[in-house]
Amino acid sequence: MAKSSCRQLLLAHVTLSPDQIGTHLGMSMAIIGLAGLTGTPICGALLERYGTYTQSAVFSGVVMLFGVVLVTVARFYLRTKLLEIV
Numbered sequence: 009m010a011k012s013s014c015r016q017l018l019l020a021h022v023t024l025s026p027d028q029i030g031t032h033l034g035m036s037m038a039i040i041g042l043a044g045l046t047g048t049p050i051c052g053a054l055l056e057r058y059g060t061y062t063q064s065a066v067f068s069g070v071v072m073l074f075g076v077v078l079v080t081v082a083r084f085y086l087r088t089k090l091l092e093i094v
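Under the working numbering, the first residue of the sequence shown carries the number 9, and numbering increases by one thereafter.
Here it is as structure tokens:
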């Protein structure tokens with residue numbers, strides 16, 4: 009609950025220009041929606057096939073680690089781009 013209620017505050021804090029807050033919020037909600045629509049059936053199929061939650065947990069962990077890698081790469085990319093401007 010706290011994670012979803014803080015999303016708007018964090019996006020407002022991170023966004024460089026106030027007129028982009030809605031765009032960033034919409035993009036984040038679209039990504040979260042796609043994750044919810046695809047992750048649940050995949051985990052359900054894994055559970056049905058193997059009968060345990062182990063494979064679903066591994067799948068979820070791998071997807072989370074992939075997300076962390078993407079965010080880290082994006083952060084370094086944007087940081088070097090901002091340093092070139094300065």
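Glycine included, every Cβ here is placed at the ideal spot set by N, Cα and C.
Between the CA atoms of residue 30 and residue 17 - distance to the nearest angstrom: The alpha-carbon atoms of residue 17 and residue 30 are separated by roughly 12 Å.
Across the region 43-58 and the region 67-74, are there enough close Cβ pairs to call them in contact, namely three or more that are closer than 8 Å? Contact between the region 43-58 and the region 67-74 is present, because at least three Cβ pairs lie under 8 Å.
Does DSSP classify residue 59 as helix, strand or coil? Note: residue 59 maps to coil in three-state DSSP.
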